[in-house]
Structures are given as structure tokens and as C-alpha cells.
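The opening residue of the sequence shown carries number 20 in our numbering; numbering runs sequentially from there.
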Amino acid sequence: MKLISSMALLLSVSFSAVAMESEQAQSWLKRLSDSLNNLNFTTSFVVVKNNQAEPYHWFHGISGDDKQLEILSLLNGPRRDVLRRGDIVSYIEPELPPYSVAASHISGPIPAIFSQDVSRLEDNYEFISVGRSRVLGKPAQLIRIVARDGHRLGHWLWLDMDTGLPLKMALITRKGQLLEQIQFTHLEITEQPSESLKQLESAELPQVLALPDSQTQAFAWQVNWLPAGFERVSANRHRIANTKQPVEFMLFNDGLVDISVYVNPSQEKQRAVEFVMNGATVILNQITNGIEVSVVGKIPSATAKAIADSVALNGSNQTGAGAQ
Numbered sequence: 020m021k022l023i024s025s026m027a028l029l030l031s032v033s034f035s036a037v038a039m040e041s042e043q044a045q046s047w048l049k050r051l052s053d054s055l056n057n058l059n060f061t062t063s064f065v066v067v068k069n070n071q072a073e074p075y076h077w078f079h080g081i082s083g084d085d086k087q088l089e090i091l092s093l094l095n096g097p098r099r100d101v102l103r104r105g106d107i108v109s110y111i112e113p114e115l116p117p118y119s120v121a122a123s124h125i126s127g128p129i130p131a132i133f134s135q136d137v138s139r140l141e142d143n144y145e146f147i148s149v150g151r152s153r154v155l156g157k158p159a160q161l162i163r164i165v166a167r168d169g170h171r172l173g174h175w176l177w178l179d180m181d182t183g184l185p186l187k188m189a190l191i192t193r194k195g196q197l198l199e200q201i202q203f204t205h206l207e208i209t210e211q212p213s214e215s216l217k218q219l220e221s222a223e224l225p226q227v228l229a230l231p232d233s234q235t236q237a238f239a240w241q242v243n244w245l246p247a248g249f250e251r252v253s254a255n256r257h258r259i260a261n262t263k264q265p266v267e268f269m270l271f272n273d274g275l276v277d278i279s280v281y282v283n284p285s286q287e288k289q290r291a292v293e294f295v296m297n298g299a300t301v302i303l304n305q306i307t308n309g310i311e312v313s314v315v316g317k318i319p320s321a322t323a324k325a326i327a328d329s330v331a332l333n334g335s336n337q338t339g340a341g342a343q
């Protein structure tokens, strides 16, 4: 009886410790969201993958009428800028006319969920407060976002203990292999928005594009299996720029990760599956029975293969486990 009581006590202590770690982690992630939404800051970071580095400059601030202002610039190669003023996001890229879309966040290396309510991820991810270290010369708290299944990658965040802002991020496999990381190299908090953001506040932005409503379109193909929690957020038909081949595109998201699926007819009958890894992003391509399917996302290659294999004609009864 004493042994059983001791084991029960140990289990109770263990569960309490796990619950406390989760609560602390969620508190830190709430602080991260508040800081990303409310602070005026200027920062630089480098995305490191495949032994290459992509440097970015990121400005964030609050306008006089309480609108969020952002500028995200890629510093290597042809200049690419993404601007946000409130719920309008504008893209300035070389060789393309500038355009704007209605959106509440910038799509970039930093997942948008980190400035939103991360509790939306609880069904599919665990939050763990691990310990403290030193990053960018500052004391940092390490938070792990761990997938509850084997179909996703883990996200590690090192947060500045003074401001809650990110100092480092990493994408990790379930076996602990580092695939990609973001290292911040500069962080400055200011009372007022930067001069660049003040100019953005009064700048004339490109016209907002009217995007087609994907809910009213009929699509020939559907994805019959996705990991739990993924939902379709966008879909369209367009032509591939270099081949003019028609393609159906579907975008899925679980709150943290995007998965893109492309389906189009092919002149080839069969082609063995091909994988390319770009840091944490897998790019899968296969041709089966004259249909080419490509899957792109920060997911394990086995997950991408299962998604590609589940693509079937719309209305088909071919469904996989976990089908939506």
C-alpha cells in the first residue's frame, strides 16, 4: 500500500509540474503576442537554412490613430518590401507591379499566430517552458511548442525576458534535428514609431486587389486527408507562369503552419515521388495516372506524401484516415 501511495504521489507531482510548465509557457506566449502588437520596435534577423542566410529588417509601430504599421524588407538580392497599415498589406517586388490585399498580418518568416491568440493551437500542440539562456546578449526564456502527433515539426522560441519579443526561433524534428532557425541580430524599442513607419502612415498604397471567392468556385480535385486541425483557408485556379499549364491551388493552415497543394494534368503518365528540402520546408512532387501533385510546407516528408496520395477527384469516395 505504501508503494502504491508513493507512486500516486509521484504521478501527482509530475502532472502538477507539467501543468505548471504549460501555464508558464502560455503566459510567456501571451506576453509575446502583446509585445508584437503594442510595442514600437526595430529589429533585424537572419533566416538560416541549408547553410545559407537570408537577412531581413523589420519595423513595427502604432500610428497616431492606433493602426499597426509594419515594414518587412529582405536585404539580399533584388529589393522586396512588404508594408502593412492596419488591415491593408502591400507588396513591392521587382519586375511586378505593386499591389495590396486586405489582410490583418504580414505573411513572412515569423508565424502570424505569435501576434494572435496562441491558445488556438492547444488541440494540436503542447506548450512547454524549459529554462533560461542568453541570446543577443540578453537573458532569454526558452519556450517549446511541441506537436501532439508525428505529422508536424516542433517550434522553439527564445523570448527576451525584458520585453517578451523574440530573440531566436528554431524548427526541430521529433528526433531533435535542427532544420531551420531565425537568429535576431538587433533589437531596439522606441517610444515613437521609426521615421520609415511615419512615412508609411501617410503614404499612398497600391490599390487593393479584389480576390475571387474560393467558396463559390467548383474545383475538380480535393485533398482527402490532412493532419487533424488543418483547414482550407484559400483556393484558386491559375496558370503556371512558364508553362501556361492550368493548376488548382489549395492552401491549408492549422493556425501555425501553412500547407500548399497544387494539382494539374501532366503529359507524363507516371513519375516517382521527388523530395526537395529547403530548410524546414519540404517540396514534394509526384505524377500518378497523368496527374501531377505538389505539396509544399514546413512538415515532415512522410506527412507531405500522405497528403499527396490522398488527392482525388472531387466527390470521390476515396478517403483516408483522418479525412475532413
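The beta-carbon is built from N, C-alpha and C at its ideal position, and this holds for glycine as well.
Since residue i contacts residue j with CB under 8 Å, what's their CB separation in whole angstroms?
i    : j    : result
G248 : D277 : Not quite, the Cβ-Cβ distance comes to about 13 Å (not below 8 Å), so this is no contact.
S63  : H76  : 5 Å
N57  : I81  : 7 Å
L93  : W240 : Not a contact, Cβ separation roughly 33 Å.
Using CA coordinates, which residue listed in the options is at the minimum distance from residue i?
i    : options                   : result
N297 : L190, G309, V101 and I107 : L190
P97  : D142, G83, E73 and R104   : E73
G156 : S134, H174, A131 and L206 : L206
V67  : S313, H170, Q289 and E199 : E199
N69  : R258, I201 and S313       : I201
V280 : P319, V330, G309 and A291 : V330
G183 : R167, K194, L161 and R171 : L161
V227 : I111, L270 and N59        : I111
P130 : L176, V149 and E145       : L176
F238 : P319, R256 and Q135       : R256
Q305 : E287, L275, R151 and A159 : E287
P246 : D179, P212, F271 and Q135 : F271
Which residues mark the beginning and the end of the beta strand (DSSP E) in which residue i is found?
i    : result
A159 : K157 to A166
S152 : Y144 to V154
K86  : Taken as a continuous stretch (DSSP letters only), K86 belongs to no beta strand (DSSP E), as it is neither H nor E.
K187 : P185 to I191
A331 : V330 to L332
I107 : I107 to I111
G96  : Counting along the chain, G96 falls outside any beta strand (DSSP E), and DSSP gives it neither H nor E.
V137 : Taken as a continuous stretch (DSSP letters only), V137 belongs to no beta strand (DSSP E), as it is neither H nor E.
A121 : Y118 to A121
G316 : I310 to G316
Who pairs with residue i in a beta bridge, going by DSSP?
i    : result
H79  : F60 and E89
H174 : I164 and L190
N272 : E250 and D277
I306 : R290 and E311
Q: Jot down the residue ranges of each uninterrupted beta strand (DSSP E) in the segment 32-67, minimum 3 residues, whole runs only, in chain order.
A: none
(Q) I'd like the ranges of any alpha helix (DSSP H) spanning at least 4 consecutive residues and lying wholly in the segment 210-265. (A) 214-221
Q. Fully enclosed by the segment 275-303, which alpha helix (DSSP H) runs are 4 residues long or longer?
A. none
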